[in-house]
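Notes follow once the structure below has been shown.
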Amino acid sequence: MQFEGEHLWLGELGHFFVLLAFTSSLLSAIAYFIASRKEDIAEKFSWIRFARVSFLIQTASVLTVFGCIFYICANHYLEYFYAYKHTSKELEFKYLLACIWEDQGGSFLLWSIWHCILGIFLIKKTKEWEAPVMTIVSLAQVFLAMMIMGVYLLGTKIGNSPFVLTRNEINGPIFSRPDYLTLIKDGIGLNVLLRNYWMVIHPPVLFLGFASTIIPFAFAYAGIQTKRFGDWVKPALPYALFSACILGVGIMMGGKWAYESLSFGGYWAWDPVENASLVPWLILVAGLHTMVVYKATSHSLRASYLFAILTFVFILYSTFLTRTGILGDTSVHAFTEAGNAMNNLIKTFLWFFTIGGLGLFFIHYKKIPAVHTEEKTNSREFWMFIGSLVFFLSAIFIIGLTSLPVYNKIPYLKDLIIKINGGPLALPEDPEFAYNKVMVMVAIIIGVLSAITQYFKYKNSAPGGVLKKIAIPTLIAALLTVAITFIYPITYYKQGYGYLGAIYLALFATTYSIIANAAYIWSGLNGKMKGAGGSVAHLGFALMIAGMLISAGNKKVISEDKFKDFIIPMGIDPLTKQQDNPAENMNLIRQVSTKMGPYEVTYLHDSVGKESNRRFYNLLFVRKDAATKKIQESFILNPDVYLMKDNNMSSNPDTKNYFTHDVFTYISYALNPDKNVDTAQFKLNEINEGDTMFYSKGYLVLNKVIKNPERNKFNIPSNGATLLADITVVNKDSSRYASTPMIMVDSLGISQIDDTVYAQNLFVKFAGVTENRKIKIGIKESDKMIDFVTIKAYIFPYINLVWIGLILMAVGFIMSMLKRTNITGRLYTIALVLTISALFYMFLLAN
Amino acid sequence: MKRTHIVILVAIAIAIGGLLMLSADFSTYDTISSAKQKQGKYVHLIAKLDKSVPLDYDPAKNPNYLSFTAVDSLGGSTKVVYHNTKPTELEHSERIVLKGKMQGEVFECSEILLKCPSKYKDDKKQLEKAATTN
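Residue numbers (this note's numbering), protein chains in the order written: chain V, 207 to 1053; chain W, 1409 to 1542.
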């Protein structure tokens, strides 16, 4: 049958370039491998030239594939399943990109594109290391191309093609009609949960982090392949620093996203998907430190190899965890299973590099030079190594716990688990605590180590010298911690005093690290900022952890009845260890103010947004002085929800940011307005000031009309011109109620803000003014269910420390990277200013 | 690897291992019938909403009380009480993971994980429905 209106050539073009990408990356890998084994310079170079051309062809192919998918999505060619599944016509342009990486195939493609860009950079910069390093990058490209191939080889399907057709993928009577395309009006569109600025920016950054971890791995391979076992460390180090910076920022972008828009109620929940990307970062940072140690002292080379290899192995393992559906029952946001074609390929990808990398490492283990004298305990390298080891072990701990669902799938082990545990393993009741109780110890050790270690010198430090220099920072940090204890105590009693003590120790350790690193820049480096990258990164990391301890430790749910004050008073059964009261949601009846923590919160009205089904709720937060009743603070938050036809709902929080804390709220339940249709009609009255109107239970008096009333008094949300009708409702039993409907004119147009007298089931509308200057007032009496929303609200204190700490850490990484690439002068300044301003904008300004 | 290294490594590993042991209050994935045998123990149930029994949620009265009936593939059935707001996609989810404890005949649930076909749109049936109702 001939189908009408299809654009099949695009898919064929795209598919051709997928195959070309596969072939050319394979050729490139083979050519680079041969080149790396050739001794003869001329011969070697001719192979390299061939490999380069192949790599460029595959780069062009990958970009073309991306272009095809983008074109299909941008033009809503719904005959393609990709466009049908991910786009819809109402989507804004920026979300078209988000659509592409919402899909497994698209995100693999994104990863592949970064490999291309990094690869071209490596070709230009790595000189004698090019052949072995690029062998690895090209090999990874072979696998990534296979992910989107969707070709049958010997009866097995390899990967999933992004160019499959809707009519071949799903069944339906309409697909037997040649004009079926005219019947499909629109695609499914981007999941409303993902319609967010972070969805546009977080995946590319995270995948750049993912992609860049291959470089230290590739250099480690190059070290073994060329038998120049230690020489790779120096050229690999700047790339490793870059990778640690980008991956770290990418992970925390996810945290920021979770915090500000996914209603997770925090930036970190130890979700398996979060852990899976944190673990390679921890190992990479451990590797960075051992590489620095090797450069300075020739110690720790073997550890550097191991960490460089494991970083990439765990990137692949995280891909396996998040993309094969194995986390299905443990994570809320892993991809669902993509079928065996994908799963087997991902497993092959993982095993290939794991066995290859670790195999080469262990085969050559004896040949990798190691210093056989013992490091002294008063040397810098000793403590750096211990720090790296702690980082590495914490990574192993995290991945060990995250992999519980994997153990349940391994034959034999599975049976053993069921025998011992009485059923397949699952995380304990409080999964966050299961991680935190170990990680708080890690924070203590790392805090102290990152504070003192740099005061030691490599090889051997003068006895007493370190103690003398560290004495003052230690004292300041101790005093500061004591001061915090009294001024702003951590009130996390849920897990008992032992854990609270550990939190305080960690708070001391991180404070210590902040002070000691700042002092080191001052005294140890005499303020020479160019060499201060390490100190700045340590300071930032410590600040971030301190911010996490404070903001998580003192996070307060204020939408809960029992919190009458901001801080729970001491001695409120701290040791019961009972689970937090989950009754953390409160109903706000429209126009009725409700006490919530330090605030009185009123649900003023709701309004409909530009996008279909999106509804904003106008919540007024007011904090009054307890004694004088004067308003001290007042702001409006507009959390919104997408209310779907089928009763589905997706909620977006809104946050009031202060420097010291955030007030964070989201709608946890909203009435669906369609289901709560009010059939009663407004009855219009045309009257003058002072006139009376009647309703079933009494009468209303229009006292006067006020032009531009005082904004604060009546909670007027906008700056526009306003007309307010001051009305008194008088019931037959002579009870009186005030009502103030309004008309507002602002840049968005004219809007009427109706007022409601709930006690009388009465809606009052200011409908306008007639030509002969009479006032039109609408009255409606309704038996409709009262209008309310259910909200959840938190106060997050000092969360900005987390973001500022992260920015400092990233800047520290970049400073070290620039120093180690000998970039100086204007370029140095530009790179640094760009990094700082981009991060500052993303994490603190853009919301 | 030096002697001091090994000593410290072992010490740290033991410390972490010890903590891990202490924390070995792992939960289990259970069926409804096996959960009923483990009264008061924190378990994970893999189940489905029983759509034949009406779900009880009246947010106007109490937004923090939801009760419904869950069934699993082995035919077990239990009443579930959840003291929180109703997860919005509950009625549409193909499969739910309920975390909590069996208290008598009622499953006191503290967390609900939903697997929604709409979430990552890989469920073909759902897409077919969407295509044909367009």
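The beta-carbon is built from N, C-alpha and C at its ideal position, and this holds for glycine as well.
Beta-carbon spacing of residue i, residue j below 8 Å
{"i": "V/Phe228", "j": "V/Val348", "result": "yes"}
{"i": "W/Ser1485", "j": "V/Glu635", "result": "no"}
{"i": "V/Thr332", "j": "V/Pro441", "result": "yes"}
{"i": "V/Cys279", "j": "V/Thr293", "result": "yes"}
{"i": "V/Leu706", "j": "V/Tyr698", "result": "yes"}
{"i": "V/Leu328", "j": "V/Val339", "result": "yes"}
{"i": "V/Leu610", "j": "V/Leu631", "result": "yes"}
{"i": "V/Ala689", "j": "V/Thr716", "result": "no"}
Interface flag, residue i vs chain W, CB-CB below 8 Å
{"i": "V/Ser874", "result": "yes"}
{"i": "V/Ala819", "result": "It should be noted that the sequence gives Asn, not Ala, for residue 819 of chain V. It does not: the Cβ of V/Asn819 has no partner Cβ on chain W nearer than 8 Å."}
{"i": "V/Pro859", "result": "no"}
{"i": "V/Gly629", "result": "yes"}
{"i": "V/Val406", "result": "no"}
{"i": "V/Val646", "result": "no"}
{"i": "V/Gln785", "result": "Since pLDDT at V/Gln785 reaches only 38, below the 50 mark, its modelled position is unreliable, and no value is offered."}
{"i": "V/Pro788", "result": "Because V/Pro788 carries a pLDDT of 48, less than 50, the predicted location of this residue cannot be relied on, and the following value inherits that uncertainty. At least one chain W Cβ lies under 8 Å of V/Pro788."}
{"i": "V/Ala632", "result": "yes"}
{"i": "V/Asn546", "result": "no"}
{"i": "V/Ile1080", "result": "Any answer about residue 1080 of chain V is impossible in this case: the structure gives chain V only from 207 up to 1053."}
Spatial neighbours of residue i in its chain, beta-carbon cut-off 8 Å, leaving aside the 5 residues before and after
{"i": "V/Thr419", "result": "Ser449, Leu453, Pro486, Leu490, Thr517, Phe518, Ile521"}
{"i": "V/His321", "result": "Val343, Ala346, Gln347, Leu350, Ala417, Ile420"}
{"i": "V/Val847", "result": "Arg820, Arg821, Tyr823, Met855, Ser856, Ser857, Asn858, Ile873, Ala876"}
{"i": "V/Ser313", "result": "Trp307, Pro409, Phe413"}
{"i": "V/Thr691", "result": "Tyr710"}
{"i": "V/Ile319", "result": "Val268, Leu269, Phe272"}
Cutoff 8 Å: residue i Cβ touching any chain V Cβ
{"i": "W/Lys1494", "result": "yes"}
{"i": "W/Ser1441", "result": "no"}
{"i": "W/Ala1421", "result": "yes"}
{"i": "W/Pro1471", "result": "yes"}
{"i": "W/Ala1468", "result": "yes"}
{"i": "W/Ile1416", "result": "yes"}
{"i": "W/Thr1436", "result": "yes"}
{"i": "W/His1413", "result": "yes"}
{"i": "W/Asp1433", "result": "yes"}
{"i": "W/Lys1527", "result": "Model confidence at W/Lys1527 stands at a pLDDT of 43, short of 50, so the residue's coordinates are unreliable; what they give is reported in the following sentence. Chain V contact via Cβ: present."}
Residue from the options whose Cα sits closest to the Cα of residue i
{"i": "W/Phe1515", "options": "W/Lys1444, W/Ala1421, W/Asp1433", "result": "W/Lys1444"}
{"i": "V/Gly211", "options": "V/Gly759, V/Lys582, V/Tyr286, V/His221", "result": "V/Tyr286"}
{"i": "V/Gly472", "options": "V/Gly670, V/Thr861, V/Phe888", "result": "V/Thr861"}
{"i": "V/Asp392", "options": "V/Arg942, V/Lys295, V/Phe865, V/Trp317", "result": "V/Lys295"}
{"i": "V/Ile676", "options": "V/Ser988, V/Ala1044, V/Gly704, V/Val654", "result": "V/Val654"}
{"i": "V/Asn1006", "options": "V/Gly534, V/Asn863, V/Phe276", "result": "V/Asn863"}
{"i": "V/Phe888", "options": "V/Ile795, V/Lys986, V/Val798", "result": "V/Lys986"}
{"i": "V/Ser719", "options": "V/Ile552, V/Tyr699, V/Leu686", "result": "V/Leu686"}
{"i": "V/Pro444", "options": "V/Lys501, V/Ala832, V/Arg373, V/Thr560", "result": "V/Lys501"}
{"i": "W/Gly1508", "options": "W/Pro1462, W/Tyr1437, W/Ile1420", "result": "W/Tyr1437"}
{"i": "V/Ser1022", "options": "V/Gln431, V/Leu494, V/Ala241", "result": "V/Leu494"}
{"i": "V/Tyr283", "options": "V/Ile240, V/His213, V/Ile626, V/Ile623", "result": "V/His213"}
{"i": "V/Lys1068", "options": "V/Gly1018, V/Pro845, V/Gly671, V/Asn967", "result": "There is no way to answer for residue 1068 of chain V, as the model of chain V reaches only from 207 to 1053."}
{"i": "V/Leu387", "options": "V/Ile263, V/Ser367, V/Gln208", "result": "V/Gln208"}
{"i": "V/Phe969", "options": "V/Asp939, V/Asn732, V/Ile933", "result": "V/Ile933"}
{"i": "V/Ala514", "options": "V/Phe900, V/Glu249, V/Glu245, V/Ile430", "result": "V/Ile430"}
Contacting residues, own chain, Cβ-Cβ under 7 Å from residue i (five flanking each side not counted)
{"i": "V/Ala927", "result": "Asn914, Val951"}
{"i": "V/Lys736", "result": "Lys1025"}
Cutoff 6 Å; reference residue i; Cβ partners in own chain excluding five residues on either side
{"i": "V/Glu892", "result": "Thr976, Lys980, Lys982"}
{"i": "V/Glu218", "result": "none"}
{"i": "W/Met1510", "result": "Ala1443, Lys1444, Gln1447"}
{"i": "V/Tyr805", "result": "Phe827, Arg829"}
{"i": "V/Met776", "result": "The predicted model places V/Met776 with a pLDDT of 29, which falls under 50 and marks its position as unreliable, so this point remains unresolved."}
{"i": "V/Gln797", "result": "Thr962"}
{"i": "V/Trp438", "result": "Phe425, Ala428, Gly429"}
{"i": "V/Val869", "result": "Lys862, Ile1001"}
| query | Do the stretch 293-304 of chain V and the stretch 249-261 of chain V meet, that is, are 3 or more Cβ pairs less than 8 Å apart? | reply | no
| message | Does the structure place the stretch 739-746 of chain V close enough to the stretch 673-692 of chain V that three or more beta carbon pairs sit under 8 Å? | response | no
| message | Check whether the stretch 302-313 of chain V and the stretch 393-408 of chain V touch, using three or more Cβ-Cβ pairs below 8 Å as the test. | response | yes
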